[in-house]
Ligand SMILES: Cc1cc2nc3c(=O)[nH]c(=O)nc-3n(C[C@H](O)[C@H](O)[C@H](O)COP(=O)(O)OP(=O)(O)OC[C@H]3O[C@@H](n4cnc5c(N)ncnc54)[C@H](O)[C@@H]3O)c2cc1C
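In the numbering used here, the protein residues as written are 18 to 297.
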């Protein structure tokens, strides 16, 4: 029975970045046997929203490696260099690559770990393996596309399964109506509506705006209504102050902060609220 040091569920950007870090730690003598399980048949980054004119919302410098190790093989710059795209990218004068290009970068990085990732397997459950009432290992059960169940054992588990589409309650009864779908499956589903004359896009965020633009840019574009609760489309706040929350030192600081019950904080029912104090 092979026991892994780490099993990662999902092989999106989070776990690819982890795989890279562990690979680079080998140079310091830290040899961790990590294995990943991904339910998609191959690497794809939000494939149904890879729209032609969509760009990254963050700087390419926040790629899988640069912030931790600018000299890593896995930086976006090195990807461009390997693909002979560096000069062309520089000429674009942008920090924000197209989402197609970033998807290709992520796929390139992921391809270095093909021997460490089981694609096409969905993790169904994780079970504790106990010895004398103590959990010593975890048993990870997954099912492949042929319905075959696989079991693997690990000492540590990293769950990076990403987000799930949020479908408001009022749309739930329409789940089986093929005319109504979430942006999460946009490209796949819209292909079934090539000849639609009228389409409504509900929402005011980045994805709604991108879908709206994509529909309008199609040859023989349908009539598109953008329906939103807000008064206007709201761009995501990526101002320097807001972005600081993603700085490594800030996330380390917040993560290490003790959990305290603030003395004067309470809900209207008098229940104390748990707060993580933040002071800079
Ligand atoms: C349209 C769109 C555009 C975005 N653009 C940006 C951007 O420009 N910049 C930015 O920083 N962020 C962006 N994001 C946010 C996005 O969440 C992150 O970019 C990134 O994808 C998060 O990586 P992740 O690995 O945590 O999750 P994901 O990328 O969601 O990857 C999770 C993986 O886990 C797999 N998985 C899930 N459940 C299981 C299971 N049970 N068994 C096996 N595998 C499983 C999934 O198939 C998936 O491949 C965007 C998100 C969307 C939807």
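Note that the Cβ used here is the ideal one computed from N, Cα and C, for glycine as well. Note that this is a predicted model, so its numbers are computed, not measured.
Limits of the unbroken beta strand (DSSP E) element including residue i
i, result
"residue 261", "Per DSSP, residue 261 belongs to no beta strand (DSSP E) and is neither H nor E."
"residue 209", "That residue, residue 209, is in no beta strand (DSSP E); it is neither H nor E in DSSP."
"residue 135", "134–136"
"residue 131", "Element bounds for residue 131: n/a, residue is neither H nor E."
"residue 159", "151–161"
Simplified DSSP assignment, three categories, for residue i
i, result
"residue 217", "strand"
"residue 171", "strand"
"residue 51", "strand"
"residue 250", "coil"
"residue 85", "coil"
"residue 269", "helix"
"residue 38", "helix"
"residue 182", "coil"
"residue 109", "coil"
"residue 115", "strand"
"residue 291", "Bear in mind that the predicted position of residue 291 carries a pLDDT of just 37, short of 50, making it unreliable; the figure below should be weighed with that in mind. Three-state DSSP puts residue 291 in a strand."
"residue 26", "strand"
Contact check, residue i vs residue j, beta carbons under 8 Å
i, j, result
"residue 60", "residue 127", "yes"
"residue 300", "residue 204", "Residue coverage of the chain in this structure runs from 18 to 297, which leaves residue 300 outside it and unanswerable."
"residue 199", "residue 184", "yes"
"residue 35", "residue 27", "no"
"residue 115", "residue 63", "no"
Limits of the unbroken alpha helix (DSSP H) element including residue i
i, result
"residue 231", "223–233"
"residue 94", "93–99"
Residues that DSSP places opposite residue i in a beta bridge
i, result
"residue 20", "170"
"residue 75", "Partner(s): none; residue 75 has no beta bridge."
"residue 240", "215"
"residue 144", "156"
State whether the region 225–237 contacts the region 254–273, with contact taken as three or more CB pairs (one from each stretch) at a distance under 8 Å. no
Is it a yes or a no for the region 186–199 touching the region 40–49, going by three-plus beta-carbon pairs under 8 Å? no
Quick one: any contact between the region 144–162 and the region 105–125, if contact means 3 or more CB pairs under 8 Å? no
Tell me, please, whether the region 165–173 touches the region 28–44 by the rule of three or more beta-carbon pairs shorter than 8 Å. no
Is it the case that the region 51–59 contacts the region 127–141, given that we only count it when at least three CB pairs across the two stretches are under 8 Å? yes
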